[in-house]
Amino acid sequence: MSWIYGLLCLIFLILFHEFGHFVAAKIFGVKVESFSIGMGPVLLHKKFGDTDFRLSLLPLGGYCGMKGEKDFQKAVESGLTEIVADKDSFYGVHPAKRALIGFAGPFFNFIFAVIGYAIINMIGYTYTTASNKIILPTEAESKYTYARDAGLLTGDKILSINGNKTEYWDDITQNIIIRPDEDIVIVVERDGKELTYNAHTGLDKSQGIGVLGIKADSQNLIKRDSPKYSFFPAFGHGFLDTINTIKITFKSLGVLFKGVEIKNTVSGIGRVTDMLGTSVSSGFKHDVKTGFIAMFDLMAIISVSLAVMNLLPIPVLDGGLILIAVIECIIRRKIKPKVQYYIQFIGIAFIALCLVLAIYGDISYFTNRGK
């Protein structure tokens with residue numbers, strides 16, 4: 002059942018992305034010839050206006066098929082110096098409009114994240130955490146000694162990290178895991194006095210997160226209620242939560258170049274579906290409210306990841322299409338199809354590499370989990 006939950010959530014996010022392209026194409030006068038739920042052979046279809054709406058066999062997201070998307074390929078095969086296209090086709094509109102059509106998919110992913118976080122902020126939730134009192138683990142318990150090296154002691158209460166208040170244990174972890182291999186400033190309370198320490202975090206290469214070498218005081222757990230907001234403030238905080246997730250996503254991309262274990266940090270569709278489904282399923286087993294919180298929280302994170310990845314200036318992705326369109330706007334002429342063709346080879350090679358790494362990561366994940 003967890004896989005069904007995960008697959009449905011992932012399909013929805015991809016379709017929401019494609020719906021962004023659909024809406025923008027309609028706004029800018031590009032004919033949308035098909036819109037499919039699923040990929041592969043068409044099982045059912047019904048035409049409304051100019052668009053053939055389809056239900057396809059493979060439950061792997063969907064697609065928005067715009068008129069003239071294959072004009073580029075035809076131009077390359079025919080050896081043309083520019084793409085010949087109708088005015089209502091993808092390559093027939095002004096490049097600025099083409100860029101906005103490309104941007105609309107990731108933008109809709111951002112919109113969903115804001116909505117997801119807004120719903121969480123309206124519902125509110127209760128969770129268990131520990132105080133900001135820390136314990137330094139022994140050498141047998143942890144190989145990380147960054148906190149000890151900085152001068153922190155068991156019993157210290159961490160009041161802030163880099164100026165961010167840390168009233169509870171979850172505040173501390175949130176500030177550390179996003180700062181791997183960084184210099185940080187920690188303010189602690191010890192014997193009624195405030196002391197400031199400079200510390201350097203480590204990088205847990207197996208998870209791709211920052212570590213400090215501290216433990217929570219699990220003997221004194223605290224129940225906390227998240228703030229609950231009315232409609233408009235909830236969306237305001239949802240926007241801020243989305244911006245924060247975007248920042249974390251970019252930080253995570255940077256960590257990939259610091260020698261992390263790719264098999265653990267790069268997830269393919271299998272692992273994402275399993276994690277999403279397991280989280281949602283576990284939440285609903287607790288109660289309906291917890292289920293919805295878990296679902297919207299993880300979907301918002303994945304939605305932001307989809308948006309950021311698609312906006313990378315890599316050919317084949319939306320970001321690559323946007324980049325080419327922007328260049329055409331600047332130079333005020335169309336880039337030759339053959340030049341675009343060679344550029345796309347780079348993008349295809351990159352995507353193929355990412356796919357191989359993702360499959361490798363998924364195989365390692367499921368193999369290790371079965372042990």
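Numbers given in the numbering used here equal positions in the sequence shown, counted from 1, plus 1.
Beta carbons are placed, not taken as given, at the ideal position from N, Cα and C, and that holds for glycine.
Predicted model only: the values in this text are computed from it and were never measured.
Item: Answer yes if the stretch 137-154 comes into contact with the stretch 244-256, meaning at least three C-beta pairs across the two stretches below 8 angstroms, and no otherwise.; Value: no
Item: If you follow the alpha helix (DSSP H) that SER306 is part of, which residue opens it and which one closes it?; Value: 289-312
Item: Hey, could you find the ends of the alpha helix (DSSP H) SER253 is sitting in?; Value: 232-256
Item: Measuring straight from C-alpha to C-alpha, what distance separates ASP288 and GLN345?; Value: 48 angstroms
Item: Rounded to whole angstroms, how far is the Cβ of SER35 from the Cβ of THR52, which I believe are closer than 8 angstroms?; Value: 7 angstroms
Item: Find out if the Cβ-Cβ distance for the pair HIS22, ILE102 is shorter than 8 angstroms.; Value: yes
Item: Could you tell me whether the Cβ atoms of VAL189 and TYR198 are closer together than 8 angstroms?; Value: yes
Item: Check whether the stretch 4-23 and the stretch 105-122 touch, using three or more Cβ-Cβ pairs below 8 angstroms as the test.; Value: yes
Item: Mapping the DSSP letters down to three states, classify TYR145 as helix, strand or coil.; Value: coil
Item: Taking the continuous beta strand (DSSP E) assigned at PHE36, which residues delimit it?; Value: 33-49
Item: Can you name the residues that DSSP bridges to PHE20?; Value: Answer by DSSP bridge pairing: none, since PHE20 is not bridged.
Item: What does the alpha-carbon distance come out to for the pair LEU81 and PHE73?; Value: 10 angstroms
Item: In terms of alpha-carbon separation, which member of ILE159, ASP192, SER207, GLY209 lies closest to VAL186?; Value: ILE159
Item: Within the chosen definition, does the stretch 327-346 reach the stretch 38-45 through at least 3 CB pairs nearer than 8 angstroms?; Value: no
Item: In angstroms, rounded to a whole number, what distance separates the CA positions of GLY210 and ARG180?; Value: Looking at the sequence itself, residue 210 is Ile, so the reference to Gly does not match. The alpha-carbon atoms of ILE210 and ARG180 are separated by roughly 7 angstroms.
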